[in-house]
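Asker:
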């Protein structure tokens, strides 16, 4: 089981309830009221554990697993070991996520209140059930909504709005921004500082006032030590449900659509607009003023210098259509090999 | 207008005063005592707003803009819509920056003093008008000059000197460093920790004492979550007026000249020396012990493994003269296309 | 000498004692009881200083140096200037490191105790001689071992264990992790937040509970603003003696062996396993689920998409054996030059 120093496990759950939780159908010769105690990987699970199969690479492990129950697609049912309860689902990884969350619910906070060692400005508002830990600083006129969790060391700047149920990790700094509901921001994140805007000149670079904000819509997640600059005049926007990993840089005026996945160490330059459900691999860089179409995919380490068509897939630096990039890689390999002969 | 939760706008300003502020000359048929209320982008500005044209891509937008006044080069004057007041300038973006700063001056701090919830060592000194926010920690013998703004959560280590008028963003950590005047350091920055110096050995890597400092000269700006290691014996130096973006890594003994522009996620390895007015694009990496000449330009994502000539422009990984890199990119494209046929 | 604001120098040390400290043998015509006062680079050292020669590039500097003593390999002894005391060693950089540490020992903390301005939960334990600075937060049931130094602004989450003699830099955040003995973690580091794990779906990305921990073994060093996510079920592990630079990203379930060197801005994707004594250059990126063999070397900016053999050396993006990559670079250079003609 998960280390009890860090995780608190709920009581055992019956197979029938697991099926409801995971939106799955039970098959196999197991009583629906049989209970299970925990979640584990296929190779480590025992009779009391629930596991899942989501990747065909692990199909053999599935066939020999000792897991008592498994969330799995119907197509694999006939490869299950005998005695295993099957929770048949079209989305087994999602099913597993729901079951794991049932076994390890977000821990009820021991206290749902404002620490005596937090520094909350008199003009700030704090909603019902909000928790503000020791050492956090909430500045003038900030609005902390109901159910928000502000960790130690967080600095919420003047006027910032944090929506209902949002959680902010330790030592994160928010300024000049409006944060939606159910957002998760990890530790060390910096949102709303003024962007990298200068009128360049041999006599010295002159700072250009940055008069926009950062808007983080509902259900966004932002990884540790990521930085998001506020807009120069327009806002910088991260659309609902978008998930951003650690150490990502998002420059001023960038607009990111809904449901995007942005992996660690990506950098997005100023004023670039990204559609919905775009996926950007780790360490990719995008220059400024681009338009990246919805549902496009950008490979890790790409250097994107041109607009990307909706649904397109690109790679390389400078980036090109994935098909051409793969050809390029193969061609260069072949040239080197010919040279070797 | 900019969100009043975050920005406080000054009173309207007359055209004559705007011309003085921007070092511009008035043309057009508008009374010099007519006042303007705000700054806005060309496409959004109305009769009361001042805008600017700095990029010929937006010349058409300029011609149809409803802005009451616009900072613009003389060459574009004849394309202005009728009724628009023109503020003619050789440096319109700089002119705009000055005007925007006049409309939105740095907010006078509500309090210019040391928070009762800051932790300031008895042996530290704090200059006149310095502001130290709740939760900041100023350690032994640190010197905070007049007019400095230290945000919440900042940690200023023993002996550190912070120059006049410098502003330090929240949760930034300073140690073993001397910071100049009018420097801006954003949140989450780490300056002065000991560099990555080890005597490597199969028996274990032995830490080498790092006995230098970090020197940040006047008018430098440093972006959020950037890291600058102190020197191993010599100092790590960032020259006056240099602007560094977010998430940049600067290793021990690096010396950066004056007026450089270093974009987000750049990494500069130990002991590399960079001249004056060098521009380094995002995510570029420089190996150690290089010399990069003044006024050179390094493209985004470059991998720089050799010295760079003064005034040179390079790109690619490994980096080469820009001309050769562009040829390489075109050549590979052509090879792939020929292969396609 | 090093800036006394930041470093405190010990008393002069005799040549005989220096030899013992550095495990070196004395040669040259200098009395073993002669004392030396400081360490300096070859070009700056004077008669009272100890220097070192570790890189043949500096052999000429060595021959003309005025250093009173020098740690050097036997092969260079005959190139020493007359009058210089030689400390002959097979590992002169290590010898220097030991001598520098003797001249500048880690400063005895002025106070070895818990600041009245730290926030330590009643259920947390704090070992003998541990120092916890102002503004640090130690949450419920955390265990701080003897001799630990916790800097200002650090947040130690519930249940976290910090081993003996470990030092944690300012504003670092630890959760869901077990930290070994004699570990050094610089400022702004985030360890133990939950990894980037989602069940992706057009209806929205669903967060998958991350039930593992981060295990940092003994003698590890972790650079400023680095991020290490906790495991999804298995743990994320950093092996004993591994040194990690600034701004590195380590994703969930990654296992890093012993004695590795991981340079700044590297990104390692989920579930990748890295052997012992692996060296990874700056800004390299590794995709997930890879196996990287012991003693392999990965060049800076590499994009690693396949397993790496033990002892292998690779470079490029996508990465290939170094030999092939160098050929590729040379070949492309030649094609461009031919084209030029």
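Residue numbers (this note's numbering), protein chains in the order written: chain A, 1 to 341; chain B, 342 to 682; chain C, 683 to 1023.
Positions of the beta carbon are idealized from the N, C-alpha and C atoms, including for glycine.
As the structure is a prediction and not an experimental result, all values here were calculated from the model.
Closest to residue 883 of chain C by CA distance: which of A/322, A/176, A/243, A/151 is it?
Answerer: Nearest of A/322, A/176, A/243, A/151 to residue 883 of chain C, Cα basis: A/243.
Asker: Please confirm whether residue 626 of chain B and residue 571 of chain B have their CB atoms less than 9 Å apart.
Answerer: Contact flag unset, no.
Asker: Please list the terminal residues of the continuous beta strand (DSSP E) segment that includes residue 533 of chain B.
Answerer: Start and end: 531 to 535.
Asker: Give a yes or no on whether 9 Å exceeds the smallest Cβ distance from residue 180 of chain A to chain C.
Answerer: Closer than 9 Å: no.
Asker: Shorter than 9 Å from the beta carbon of residue 469 of chain B to some beta carbon of chain C?
Answerer: With 9 Å as the cut-off, residue 469 of chain B does not count as an interface residue toward chain C.
Asker: Check residue 321 of chain A in the structure and name its three-state DSSP category.
Answerer: Three-state result, residue 321 of chain A: strand.
Asker: DSSP state of residue 342 of chain A, grouped into three classes?
Answerer: Absent from the structure is residue 342 of chain A, since the part of chain A shown begins at 1 and ends at 341.
Asker: Can you check which of these residues, B/464, B/481, B/463, B/458, is closest to residue 472 of chain B by C-alpha distance?
Answerer: Residue B/458 is the option with its Cα nearest to residue 472 of chain B.
Asker: Give a yes or no on whether 9 Å exceeds the smallest Cβ distance from residue 73 of chain A to chain C.
Answerer: No, because no Cβ of chain C sits closer than 9 Å to the Cβ of residue 73 of chain A.
Asker: Mind listing which residues of the stretch 968 to 993 of chain C have their C-beta closer than 7 Å to chain B's C-betas, in chain order?
Answerer: Under the 7 Å Cβ criterion, the stretch 968 to 993 of chain C contributes 982, 983.
Asker: Leaving out the 5 sequence neighbours to the left and right, which residues in its chain are closer than 6 Å to residue 646 of chain B when beta-carbon positions are compared?
Answerer: 628, 659.
Asker: Does the structure place the stretch 65 to 74 of chain A close enough to the stretch 82 to 94 of chain A that three or more beta carbon pairs sit under 8 Å?
Answerer: Contact holds: three or more Cβ-Cβ distances are below 8 Å.
Asker: Looking only at its own chain, which residues have a Cβ that is under 8 Å from the Cβ of residue 581 of chain B, when we skip the five neighbours before and after it?
Answerer: Contacts found: 521, 558, 559, 560, 561, 599, 600.
Asker: Give me the Cβ distance between residue 620 of chain B and residue 638 of chain B, rounded to the nearest whole Å; I'm assuming they're in contact under 8 Å.
Answerer: Residue 620 of chain B to residue 638 of chain B, Cβ: 5 Å. Contact.
Asker: Is there a C-beta anywhere in chain E that falls below 9 Å from the one on residue 905 of chain C?
Answerer: Of the chains in the structure shown, none is chain E; the protein chains are A, B and C.
Asker: Using a threshold of 9 Å, state whether the C-beta atoms of residue 852 of chain C and residue 874 of chain C are closer than that.
Answerer: Not closer than 9 Å, so no.
Asker: Measure from the alpha carbon of residue 930 of chain C to the alpha carbon of each residue in C/905, C/918, C/691, then state which is nearest.
Answerer: Checking every option, the nearest Cα to that of residue 930 of chain C belongs to C/905.
Asker: Who are the Cβ neighbours of residue 273 of chain A in its own chain at under 6 Å, not counting the five residues just before and after it?
Answerer: For residue 273 of chain A, where only same-chain residues beyond five positions count, the Cβ hits under 6 Å are 255, 291.
Asker: Measure the alpha-carbon distance for residue 895 of chain C versus residue 843 of chain C and round it to whole angstroms.
Answerer: Cα to Cα, residue 895 of chain C sits roughly 11 Å from residue 843 of chain C.
Asker: Around the Cβ of residue 82 of chain A, are there at least 16 other Cβ atoms within 10 angstroms (buried) or fewer (exposed)?
Answerer: Classification for residue 82 of chain A: exposed.
Asker: Leaving out the 5 sequence neighbours to the left and right, which residues in its chain are closer than 8 Å to residue 367 of chain B when beta-carbon positions are compared?
Answerer: Here the set comprises 356, 357, 360, 373, 426, 427, 428, 429.
Asker: Step through the CB atoms of chain B and report whether any lies within less than 9 Å of the CB of residue 229 of chain A.
Answerer: Yes - at least one Cβ of chain B is within 9 Å of the one on residue 229 of chain A.
Asker: Under 8 Å, CB to CB, which of the residues in the stretch 687 to 698 of chain C have a partner in chain B?
Answerer: Listed by position, the residues of the stretch 687 to 698 of chain C near chain B (Cβ gap below 8 Å) are 687, 688, 689.
Asker: Quick check: the Cα distance between residue 608 of chain B and residue 802 of chain C, rounded to an integer number of angstroms?
Answerer: Distance between the alpha carbons of residue 608 of chain B and residue 802 of chain C: 37 Å.
Asker: Skipping 5 residues on each side, what residues in its chain have a beta carbon closer than 7 Å to that of residue 704 of chain C?
Answerer: These residues qualify, in order along the chain: 753, 769, 771, 777, 780, 781.
Asker: Say whether chain B places a C-beta atom closer than 9 Å to the C-beta of residue 412 of chain A.
Answerer: Any property of residue 412 of chain A remains undetermined from this structure, which presents chain A solely from 1 to 341.
Asker: For a minimum of 3 consecutive residues, which ranges assigned as the beta strand (DSSP E) are wholly contained in the stretch 553 to 626 of chain B?
Answerer: As far as the stretch 553 to 626 of chain B is concerned, its whole beta strand (DSSP E) runs of at least 3 residues are 555 to 557, 568 to 571, 577 to 579.
Asker: For residue 608 of chain B, go through chain C and note every residue whose CB falls closer than 7 Å to its CB, in chain order.
Answerer: The contacting residues are 946, 947, 964, 965.
Asker: Which of the three DSSP states is assigned to residue 303 of chain A in this structure?
Answerer: In this structure, residue 303 of chain A counts as strand in the three-state DSSP scheme.
Asker: DSSP state of residue 130 of chain A, grouped into three classes?
Answerer: Coil at residue 130 of chain A, not helix or strand.
Asker: Is residue 171 of chain A close to chain B? Criterion is C-beta to C-beta, closer than 9 Å.
Answerer: With 9 Å as the cut-off, residue 171 of chain A counts as an interface residue toward chain B.
Asker: By the three-class DSSP mapping on this structure, what secondary structure does residue 17 of chain A have?
Answerer: Helix at residue 17 of chain A.
Asker: Rounded to whole angstroms, what is the Cα-Cα separation between residue 127 of chain A and residue 156 of chain A?
Answerer: Approximately 15 Å, taken between the alpha carbons.
Asker: At the level of alpha carbons, what is the spacing between residue 236 of chain A and residue 807 of chain C?
Answerer: Their Cα atoms are separated by approximately 44 Å.
Asker: When DSSP builds the beta bridges, which residues end up paired with residue 206 of chain A?
Answerer: Per DSSP, A/199.
Asker: Assuming the contact rule is C-beta atoms closer than 8 Å, residue 153 of chain A and residue 835 of chain C should be a hit. Round their C-beta distance to whole Å, please.
Answerer: Indeed, because the Cβ distance is near 6 Å, the residues count as touching under 8 Å.
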